[in-house]
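If you read the sequence shown in the numbering used here, its first letter stands for residue 64, the second for the next number, and so on. Every residue, glycine too, gets a C-beta built ideally from N, C-alpha and C. Small disclaimer: the values here were computed from a predicted structure and weren't measured.
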Amino acid sequence: MFKFCNLYSGSSGNCSFVETDNTKLLVDCGVSSKKLEEALNSIGSSLNDINGILISHEHSDHIKGLATICKKYNIPIYANNPTFTNMKLNISEDIKYKFNTNEKFEIGDIKVFPFSIPHDAAEPCGFNLFHDNKKITIATDIGHLDNKILKNLDESSFLLLESNYEPNMLKCSKYPYMLKKRILGPNGHLSNDEAGFAISELLKQGVNNIMLGHLSEQNNFPELAYQTVMNSIISKNIDVNHLTLQVADRYKPNNVINL
Ligand SMILES: [Zn+2]
Ligand SMILES: [Zn+2]
64 MFKFCNLYSG SSGNCSFVET DNTKLLVDCG VSSKKLEEAL NSIGSSLNDI NGILISHEHS
124 DHIKGLATIC KKYNIPIYAN NPTFTNMKLN ISEDIKYKFN TNEKFEIGDI KVFPFSIPHD
184 AAEPCGFNLF HDNKKITIAT DIGHLDNKIL KNLDESSFLL LESNYEPNML KCSKYPYMLK
244 KRILGPNGHL SNDEAGFAIS ELLKQGVNNI MLGHLSEQNN FPELAYQTVM NSIISKNIDV
304 NHLTLQVADR YKPNNVINL
């Protein structure tokens, strides 16, 4: 058994749930512990069952609930050293598990490979999670794509990929100039078109179970992200018959995906 569920996604807070027969993990923790518990209860789980929380980077939409969870629950927290330092949270040493980016490690029966991503945080990473010859990839907060990242996304049985903004909506938005520059820049976020490009490449290699996530609330909406990605694929004459493409819900869990 290898299951994935998006609990919350977007600039308002990110958290994913992964489960095998004997391991339950969260990736990021960007909503309150109360909201997280609600989401977990709705899919038949609870924070009390969680064996570890992986943290991709220190931005608040990925760690908002962590301080309370660390106080209330004894869940091991996995992050690299620069992320632990920059989270500026009082996490007890007993539950701190430091990993090195780009080095594999294990939590229960899940092999974890944290890979570098270009984003304006201390040492941000995406995650490959391996179990039962299957691979789940969680890749959000990516400023730009390169071959190394595409390689980490390749061969995924399921991929959660950022599709953050529509460039014209962002350019016309009320965001301050510096914030627009940051989002559009090489260490900001991935646009719908860039997600479309990545998925077109991955689809050729057989990656066909994909969820678009981390959508901007102001500069994107689910139908637009979905349609932009689909148009990008179809314009390259790539067959979409075997593609399952979903958009991650912002405020509630999506269906549990069984791999
Ligand atoms: Zn971020
Ligand atoms: Zn983020």
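### Query
Can I262 and L224 be called in contact, C-beta distance under 8 Å?
yes
#### Entry: C-alpha gap between L233 and D256, whole angstroms
Distance between the alpha carbons of L233 and D256: 13 Å.
### Query
With distances taken from each beta carbon to the nearest heavy atom of ligand 2, which residues come in below 7 Å, in chain order?
S74, N77, H122, D124, H125, T203, D204 and H277
### Message
Check this for me: beta carbons of I173 and T83, under 8 Å apart or not?
### Response
yes
### Query
Is there at least one non-hydrogen atom of ligand 3 closer than 7 Å to the beta-carbon of A142?
Questions concerning ligand 3 fall outside what the structure shown contains, since the ligands it does hold are ligand 1 and ligand 2.
### Task
Can you grab the Cα-Cα spacing for the pair L103 / L110, in whole Å?
7 Å
### Query
How many whole angstroms separate the CB atoms of D195 and F65, which I take to be in contact at a CB cut-off of 8 Å?
5 Å
### Task
Compare the Cα-Cα distances from L88 to each of G269, L70 and S95 and report the closest residue.
When the alpha-carbon of L88 is set against those of G269, L70 and S95, the nearest one is in L70.
### Message
Suppose the cutoff is 8 Å on Cβ atoms and the five residues either side in sequence are ignored; what does the same chain contact list for K243 look like?
### Response
L233, K234 and S236
### Query
If K197 and N191 are in contact, beta carbons under 8 Å, what's the gap, nearest whole angstrom?
Not really, about 11 Å apart at Cβ, beyond 8 Å.
### Message
Need the endpoints of the beta strand (DSSP E) that H277 sits in, please.
### Response
Note, H277: premise wrong, no beta strand (DSSP E); not H, not E.
### Query
Is the CB-CB distance between D221 and F67 below 8 Å?
The question names Asp, but residue 221 is Phe in the sequence shown. In this structure, F67 lies closer than 8 Å to F221 by Cβ.
### Query
Using the C-alpha atoms, what's the distance from I170 back to N114?
8 Å
### Query
Between S254 and P239, is the Cβ-Cβ spacing less than 8 Å?
no
### Query
Would you say the beta carbon of S194 comes nearer than 7 Å to a heavy atom of ligand 1?
This sequence places His at residue 194; Ser is not what is there. Result no, Cβ not under 7 Å from ligand 1.
### Message
If you reduce the DSSP assignment to three classes, tell me which class V292 lands in.
### Response
helix
### Same chain, Cβ closer than 6 Å to Y289, five either side skipped, listed in chain order
V310
#### Entry: Euclidean distance between Cα positions of D312 and P285
8 Å
### Task
Please say whether L308 and V292 have beta carbons closer to each other than 8 Å?
yes
### Query
Does DSSP put G259 in a helix, in a strand, or in coil?
helix
### Message
Any heavy atom of ligand 1 closer than 7 Å to the beta-carbon of A184?
### Response
yes
### Query
Expressed to the nearest angstrom, what Euclidean distance is found between the alpha-carbon atoms of A184 and F178?
14 Å
### Query
If you pair each beta-carbon of the stretch 129-140 with each one of the stretch 154-162, do three or more pairs fall below 8 Å?
yes
### Message
Here's a check: name, in chain order, each residue in its chain whose Cβ is nearer than 8 Å to the Cβ of M150, leaving out the five neighbours to either side.
### Response
Counting only Cβ-Cβ distances below 8 Å, and skipping sequence neighbours, we find I118, E121, I126, L129 and A142.
### Query
Quick one: is the Cβ of H120 within less than 7 Å of any heavy atom of ligand 1?
yes
### Task
Thinking Y228 and N294 are a contact (beta carbons under 8 Å), I'd like their distance in whole angstroms, please.
Actually they do not touch by this definition, with Cβ atoms about 16 Å apart.
### Message
Taking the straight line between their C-alpha atoms, what separation do you get for H207 and L265?
### Response
16 Å
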